[in-house]
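Residue numbering for the sequence shown follows the UniProt record's numbering, starting at 1 and increasing by one per position. What follows is a single structure, written as structure tokens, with notes after it.
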Amino acid sequence: MTRSMTAFARRQSEQEWGTLIWEIRSVNHRYLEPHLRLPESFREIEGPLRERLRKRLQRGKVECTLRFQAAEAGEQQLNLNTEVAHQVRDAAQQLSDLLANPSPINPLELLRWPGVLKQNELDMKAIQKQALNQFDDAIKELIDNRLREGAELAQLINQRLDGIDNVVSQVREKLPEILEKQRQNILTRLEDARVELDPNRVEQEIVMLAQKADVDEELDRLDTHTGEVRRVLKQKEAIGRRLDFLMQELNREANTLSSKSIVAETTQCAVELKVLIEQMREQIQNIE
């Protein structure tokens with residue numbers, strides 16, 4: 001299926017240890033060019049991330065940004081180190097016994113003593129695994145968006161292909177009439193010039209005119225190329241380069257048709273073909 005190279009995806013997850021946010025942007029590029037922006041604590045998963053990209057995408061400049069915000073201390077689970085708390089309490093009690101007018105022991109003051117409260121250490125391996133899984137989800141979302149936009153591009157291209165088919169049909173229908181008009185023009189010019197008509201010479205001129213105006217081969221190749229473009233649009237793999245090549249072939253046939261033109265009608269048809277081909281080429285620049 002046709003996939004665009006322009007898309008955006010965002011995935012966010014919130015856990016007790018904090019928040020992970022992936023943002024992925026992709027634009028058209030001749031090859032796959034990934035750019036990863038990761039917090040320092042996630043550098044060791046850069047290799048697996050690049051490998052995941054290579055397996056899922058083939059073309060495009062892809063910017064992947066990961067943001068990690070650890071939960072604040074108040075949001076994390078706090079554990080009381082009872083052993084240290086007992087030691088601090090006993091030391092405070094001993095000190096109170098030495099004083100004449102000791103103040104009551106304040107539990108909040110005990111909590112501020114280093115080591116009395118323990119915060120759970122972050123399990124970075126588990127968080128990195130979550131980041132990888134979330135990255136897979138973001139890539140899937142990106143591909144879905146690429147497919148959705150690619151379907152729209154394919155529709156636009158098919159409309160231009162229909163336009164090319166119509167122009168080719170018009171040229172085929174007009175060609176016999178054009179040749180007959182040119183034949184009559186030759187005869188009229190010779191008669192106006194009061195030149196004695198040599199039937200053989202007249203016939204040679206008409207044959208030469210017909211050969212110059214014979215564009216059946218070009219029209220057949222235009223039909224073949226438009227059919228091939230439609231076939232390629234239905235393929236599942238990356239098709240952008242193949243479509244770009246076909247645009248060159250279509251443009252070559254349009255140029256040949258223009259060079260063989262002997263009347264304004266076929267010249268105008270050749271111009272219309274070039275316009276339609278250029279419109280398709282611009283759309284194809286965004287196809288993977």
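The beta carbon of each residue, even a glycine, is placed where N, CA and C say it ideally should be. Small disclaimer: the values here were computed from a predicted structure and weren't measured.
- If you draw a 10 Å sphere on the C-beta of PHE135, you find 16 or more other C-beta atoms in it, and that means buried.
- Annotated three-state conformation of THR2 is coil, per DSSP.
- ARG59 sits in coil when the DSSP states are folded into three classes, being neither helix nor strand.
- In its chain, beyond the 5 residues on either side, THR2, SER4, GLN283, ASN286, ILE287 have a beta carbon closer than 7 Å to the beta carbon of LEU153.
- Beta-carbon to beta-carbon, GLY18 and PHE68 are separated by about 6 Å, close enough to satisfy the 8 Å threshold.
- With fewer than 16 other CB atoms across the displayed protein chains lying within 10 angstroms of its CB, GLY227 is exposed.
- If you draw a straight line from the Cα of LEU273 to the Cα of GLN248, it is about 12 Å long.
- HIS29 and LYS61 do touch by the CB rule: their CB atoms are close to 4 Å apart, below 8 Å.
- The beta carbon of ASP223 sits closer than 7 Å to those of VAL168, all from its chain and outside the five residues before and after it, given in chain order.
- The DSSP-derived three-state label of SER261 is coil.
- DSSP, reduced to helix, strand and coil, places SER103 outside both helices and strands of the structure shown, so it counts as coil.
- LEU257 sits away from ILE164, with the two beta carbons spaced by 8 Å or more.
- Of all C-beta pairs linking the region 41-49 to the region 122-134, three or more are shorter than 8 Å, placing the two stretches in contact.
- Ranking ASN81, PRO34, ARG281, ILE24 by CA distance to the CA of ILE157 puts ARG281 first.
- For SER41, there is no enclosing alpha helix (DSSP H), as DSSP gives it neither H nor E.
- By the neighbour-count criterion, in which a residue is buried when 16 or more other Cβ atoms sit within 10 angstroms of its Cβ, GLY115 is exposed.
- ALA7 and LEU142 do touch by the CB rule: their CB atoms are close to 5 Å apart, below 8 Å.
- Within the same chain, THR2, ALA154 come within 6 Å of LEU233 by CB-CB distance, once the 5 residues on both sides are set aside.
- Counting along the chain, GLY18 sits inside the beta strand (DSSP E) bounded by residues 18-27.
- The C-beta distance from ARG50 to TYR31 rounds to 14 Å, too long to meet the 8 Å contact threshold.
- Collapsing the DSSP output to three states places ARG112 in coil.
- Our two residues, ARG146 and GLU14, have alpha carbons roughly 27 Å apart in a direct line.
- From the listed residues TRP113, VAL263, ASP123, the smallest Cα separation to ASN81 is found for TRP113.
- The secondary-structure analysis by DSSP pairs THR267 with nothing; it has no beta-bridge partner.
- Counted as a single uninterrupted DSSP element, the beta strand (DSSP E) harbouring ARG37 occupies residues 32-37.
- Under the three-state reduction of DSSP output, ALA238 falls in the coil class, being neither helix nor strand.
- One thing to note: ALA254 has its Cβ no nearer than 8 Å to the Cβ of ALA138.
- Going by beta carbons, LEU111 and ARG89 fall outside the 8 Å limit.
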